[in-house]
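**Q** Numbering (our numbering), first residue to last: 9 to 279.
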Amino acid sequence: MDSKKSKEMFMRIVVALILIPLALLLIIKAHSHIFLTIVALLSILGTHEFIKIMKNDNIRLYTPLMWVSSAAVPFLIYFLGFAAFTAYSFVIIFILFLLKMFSATPTEKVMEEVSYNFFAVMFVPFMFTFLALLKNIGYEWVLFLCFIVWASDSFAYFTGVTCGKHKLIPKVSPGKSIEGLIGGTIGALIIGALFNYYLLNENWIIMAIIIVDVIVAGVIGDLIESMIKRSANVKDSGTLLPGHGGILDRFDSLMIAGPVLYFYLIYIAGK
9 MDSKKSKEMF MRIVVALILI PLALLLIIKA HSHIFLTIVA LLSILGTHEF IKIMKNDNIR
69 LYTPLMWVSS AAVPFLIYFL GFAAFTAYSF VIIFILFLLK MFSATPTEKV MEEVSYNFFA
129 VMFVPFMFTF LALLKNIGYE WVLFLCFIVW ASDSFAYFTG VTCGKHKLIP KVSPGKSIEG
189 LIGGTIGALI IGALFNYYLL NENWIIMAII IVDVIVAGVI GDLIESMIKR SANVKDSGTL
249 LPGHGGILDR FDSLMIAGPV LYFYLIYIAG K
C-alpha cells in the first residue's frame, strides 16, 4: 500500500473512531427533538453537496428553495405528517413553474428544469427524515438500520477485495461485485441475527425478510448515488469527512434503506 493510500486509510479509521461512538450516543441518548434537529442539519449538509453535484449538469438550480426545504421538510413531516408533505410538494411544483415562467428562458427545457429542481428540492430532506421517524418507533431500530447497512458495506468490501471476480453493475459502480454482494448479505444476516437475539427479540422469519430488504435497499441507495455522481463526473459528494468523502457518501445507503424499514415496520409489522 503506497503512502497516499496509507494516509487515507489512517484518516478513515480515525474519523470512524470519533464518529461511531458519537453517533451511537446520539441515537441512544438524544431526545427525539434533538435527534430531529441533527437529522435536519444532515439534510442541510447533504443538500449542499447535492447542489454542488447537480451544478455540473448545467441545469439551472433554484438553490434558495433547496435550502429552505432541506431544513423545513424534516420538521414538516415529523410534526404534521405525510399529508402536509404532499400539500407542500404541490406548492413546490407550483413555485417551480412560476419561477420558470418568469425566467429568461420560459419555454426552454421546461419539464427537464422543473423535474430536475423538484428532485433536488425534495430527495435529500425527504429521505433523511426517516431516521427521525424510526427513532420515534424506538432507538433500537435506528441502531439496527445502521448496523445492518454498515455490516453489509464492510463485509461486501472485504469479500469483494479478496474474491470479487464478477462485476455487479460495472457501468454504474465498477468496484461492486456479485461476490461482494453475497458476502455483504451473509455478514449482515449474522449481525442482524445477533442484534435480534440480544435486543429486538422479533420473529426470526420476519427479521430475515427485513434484513434482506434493508440490504437490497442499501445497495440500491449506494448505486443511485454512484449513478448521480457519474452523470456529473464527480468522485465524492464532498470532503467533510476525511477518508470517507461527504455526507451523501456515508448516508446514501441509509437514505434508501431507512424508508424501506420504516414503512415495513408501520404497515406490515404494525409498530
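C-beta atoms are modelled at their ideal positions from N, C-alpha and C, and glycine is treated no differently.
Under three-state DSSP, which class holds ILE177?
**A** strand
**Q** Using the C-alpha atoms, what's the distance from VAL220 back to ILE190?
**A** Just so you know, the alpha carbons of ILE190 and VAL220 end up roughly 11 Å apart.
**Q** Can you tell me which residues form a DSSP beta bridge with SER185?
**A** Under DSSP, the beta-bridge partners assigned to SER185 are LYS175.
**Q** Got a sec, what are the start and stop residues for the alpha helix (DSSP H) ASP221 sits in?
**A** Following the DSSP letters along the chain, one finds ASP221 inside the alpha helix (DSSP H) bounded by residues 212 to 239.
**Q** Are there any heavy atoms of the ligand GTP lying less than 8 Å away from the beta-carbon of ILE21, as far as the coordinates show?
**A** In the structure shown, the ligand GTP is absent, as is every other ligand, since no ligand is present at all.
**Q** Kindly indicate which residue of LEU49, ILE218, GLY226 has the alpha-carbon position closest to the one of ALA80.
**A** LEU49
**Q** So what's GLY195 in DSSP terms, helix, strand or just coil?
**A** helix
**Q** My guess is that PHE83 and LEU44 are in contact by the Cβ rule of under 8 Å, so how many angstroms apart are they, rounded?
**A** Rounded, the Cβ-Cβ distance is 7 Å, consistent with contact.
**Q** Note down, in chain order, each residue of its chain lying with its Cβ closer than 6 Å to the Cβ of TYR86, except the 5 sequence neighbours on either side.
**A** Result list for TYR86: LEU44, ALA140, in chain order.
**Q** Assuming ALA144 is part of the alpha helix (DSSP H), what are its boundary residues?
**A** Residue 144 is actually Asn in this sequence, not Ala. Per DSSP, ASN144 belongs to the alpha helix (DSSP H) from 118 to 145.
**Q** Following the continuous alpha helix (DSSP H) through ALA48, name the residue where it begins and the one where it ends.
**A** 40 to 63
**Q** Alpha carbon to alpha carbon, how far is LEU273 from LYS279?
**A** 5 Å
**Q** On the premise that SER160 lies in contact with ALA196, defined as a C-beta separation below 8 Å, what is that separation, rounded to the nearest angstrom?
**A** Contact flag correct, Cβ pair sits at about 4 Å.
**Q** Do you know how far the Cα of PRO114 is from the Cα of LEU142?
**A** So the two alpha carbons sit approximately 41 Å from each other.
**Q** To the nearest angstrom, how far is the alpha carbon of GLY89 from that of TYR205?
**A** If you take the alpha carbons of GLY89 and TYR205, they lie about 33 Å apart.
**Q** Excluding five sequence neighbours on each side, which residues of the same chain lie with their C-beta closer than 6 Å to the C-beta of ASP257?
**A** ASP244, SER245
**Q** Going by CA-CA distance only, name the one from LYS179, THR71, THR193, VAL99 that's closest to GLY168.
**A** THR193
**Q** Span of the alpha helix (DSSP H) holding VAL242?
**A** Per DSSP, VAL242 belongs to no alpha helix (DSSP H) and is neither H nor E.
**Q** Among the candidates LYS175, LEU33, LEU73, whose CA atom is the shortest distance from the CA of PHE126?
**A** LEU73
**Q** Between ILE35 and LEU176, how many whole angstroms is the CB-CB distance? I'm expecting something under 8 Å.
**A** Incorrect: roughly 30 Å between the Cβ atoms, too far for contact.
**Q** May I ask you to report which of helix, strand or coil DSSP gives ILE67?
**A** coil
**Q** Would you mind reading off the limits of the alpha helix (DSSP H) that contains TYR96?
**A** 90 to 109
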